[in-house]
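Below is one structure, written out as structure tokens; comments come after it.
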Amino acid sequence: MDIFRALPEIPSSFGPTVVSIGNFDGVHCAHQWLLAEISRRAHELSAKSVAVTFDPHPSRLLRPIGAPKLITPMTERLELLRASGIDATLVLPFNDELCKMSGPDFVAAVLRDALHAAEVHEGDNFRFGYRAQSQAADLIALGHDQGFRVQIFSPRYIRGIQVSSSRVREAIQSGNMTLARALLGRPFSIHSTPASGRAIGRRLTVPTINLAPYDELLPADGVYVTRMKIGEEEFDAVTNAGTRPTFGEDSYAVESYLLNFHPVNLLPETPLELTFIHRLREERKFPSPEALKHQIMQDVAKAQRYLHLADLLQNSTPPSRTGFRARISS
Ligand SMILES: Cc1cc2nc3c(=O)[nH]c(=O)nc-3n(C[C@H](O)[C@H](O)[C@H](O)COP(=O)(O)O)c2cc1C
Ligand SMILES: Nc1ncnc2c1ncn2[C@@H]1O[C@H](COP(=O)(O)OP(=O)(O)O)[C@@H](O)[C@H]1O
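Residue numbers for the sequence shown follow full-length UniProt numbering, beginning at 1 and rising by one.
Shown next as structure tokens:
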């Protein structure tokens, strides 16, 4: 997949293209469906499929306080976009200039002049241009003028819930990892590196691998069945995300006790991927380290049963169906 980080990086001969524009945070089921559609249409038209996305997320500039934390920071987002099979991603720096660009100017500069768009595919809640003043109907009209077709999709529902990045965020922030997985089309995971703990666990409870401080979206505080990938190796784990009230002073950490541990070479820069599979319980203050250790052993037993059952089920579940309806302009 080609990655362009500014319009001048796009070769003048690039295109024609089939494009979708969006933040693609989470690269959730509906995004994946849209990406598969632009790939399919690009193939039919002998064109290139292109996602256009923004960095940072526009809300970071528009309302810095209260901007949502990212489900997928840019590195993971690009990795998932690459895995979807599209030909290129254009990452536009979301700065003051882009923020103030009108819808028609954006269409002329990006879709017509830089990408030579033949088709543009969007969800029906698509907004663009200064103050999000332009919408799907405007894109259709601009497409008529500038020679590209626009295909608008109605929302996709899973378990009666409209798939959107906000709904995925809500599911993760409430610890509902099963719903997050259904909406994402994969379990929620984060990428980080190791950090040192306080060495309390090894002495009083269980040894853990602590994650370096992580600024983007994390599940609600609590104890989770997880899997941790260390470099290329994967381990089953139980993970606590929270302030560890049993040991006094609040100090937030995400730490994992690996169930099938064997010694690994952990350097400060070793890549870790932690996948949250299922929430077991809330974090609590225990009267003693022994009481907490007893509880952790129960968490471990539950996690082992859960992972065993999940493995059995995974080998017997049929693939799910998708259900988008398309409205086509031309
Ligand atoms: C599976 C698991 C569950 C945990 N549950 C709790 C809990 O409910 N309450 C709590 O105070 N700490 C909990 N902890 C965190 C321990 O207190 C923590 O591992 C200990 O403070 C060691 O900290 P350190 O890594 O800084 O040495 C849990 C840890 C694990 C691995
Ligand atoms: N089952 C296990 N899960 C995670 N880490 C383990 C396990 N067994 C041994 N370790 C090792 O213990 C180290 C953590 O020990 P320690 O620093 O005492 O943990 P904590 O800071 O959580 O008390 C890890 O770096 C890891 O190499």
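Ideal placement from N, C-alpha and C gives every residue a C-beta, glycine not left out.
Look at the alpha carbon of residue i and the alpha carbon of residue j, and state the distance between them as a whole number of angstroms.
i: residue 117; j: residue 226; result: 42 Å
i: residue 24; j: residue 199; result: 39 Å
i: residue 141; j: residue 108; result: 13 Å
i: residue 155; j: residue 123; result: 7 Å
i: residue 12; j: residue 113; result: 9 Å
i: residue 242; j: residue 50; result: 39 Å
i: residue 136; j: residue 125; result: 7 Å
i: residue 138; j: residue 274; result: 42 Å
i: residue 306; j: residue 277; result: 9 Å
i: residue 282; j: residue 222; result: 4 Å
i: residue 411; j: residue 120; result: Any answer about residue 411 is impossible in this case: the structure gives the chain only from 1 up to 330.
i: residue 249; j: residue 285; result: 12 Å
i: residue 325; j: residue 30; result: Note on residue 325: pLDDT 43, under 50, position unreliable in the model; the coordinate value appears next. About 12 Å.
i: residue 238; j: residue 22; result: 35 Å
What residues are listed by DSSP as bridge partners for residue i?
i: residue 117; result: 17
i: residue 279; result: 224
i: residue 135; result: 127
i: residue 90; result: 4, 52
i: residue 257; result: 238
i: residue 37; result: Residue 37 is not bridged to any residue.
i: residue 150; result: 120
i: residue 161; result: 158
Quick one: does the C-beta of residue i sit closer than 6 Å to a heavy atom of ligand 1?
i: residue 222; result: no
i: residue 9; result: no
i: residue 240; result: yes
i: residue 197; result: yes
i: residue 210; result: yes
i: residue 205; result: yes
i: residue 245; result: yes
What residues in its chain sit with their C-beta under 7 Å from that of residue i, if we drop five residues either side in the sequence?
i: residue 261; result: 235
i: residue 28; result: 163, 165, 168, 183, 184, 185
i: residue 328; result: Note on residue 328: pLDDT 41, under 50, position unreliable in the model; no value is reported.
i: residue 70; result: 25, 57, 216, 217
i: residue 220; result: 173, 174, 175
i: residue 304; result: 259
Closer than 6 Å to a non-hydrogen atom of ligand 2 - does that hold for the CB of residue i?
i: residue 267; result: no
i: residue 292; result: no
i: residue 214; result: no
i: residue 202; result: yes
i: residue 257; result: yes
Which same chain residues, not among the five before or five after residue i, have their C-beta less than 6 Å away from its C-beta?
i: residue 91; result: 5, 53, 55
i: residue 10; result: 4, 114
i: residue 192; result: 211, 212, 214, 272
i: residue 313; result: none
i: residue 335; result: Not covered by the structure: residue 335. The range shown for the chain is 1 to 330.
i: residue 16; result: 47, 116, 118
Whose C-beta lies closer than 8 Å to the C-beta of residue i among residues of the same chain, with five residues either side of it excluded?
i: residue 323; result: Low confidence applies to residue 323: its pLDDT is 42, below 50, so where it sits in the model is not reliable, and the reading given next is rough at best. Correct list, in chain order: 156, 157.
i: residue 161; result: 167, 179, 183
Original post:
What are the uninterrupted segments assigned as beta strand (DSSP E) that are 3 or more residues long and contained completely in the stretch 167 to 210, given in chain order?
Top reply: Those beta strand (DSSP E) runs which fall completely within the stretch 167 to 210 and span 3+ residues are 188 to 192.
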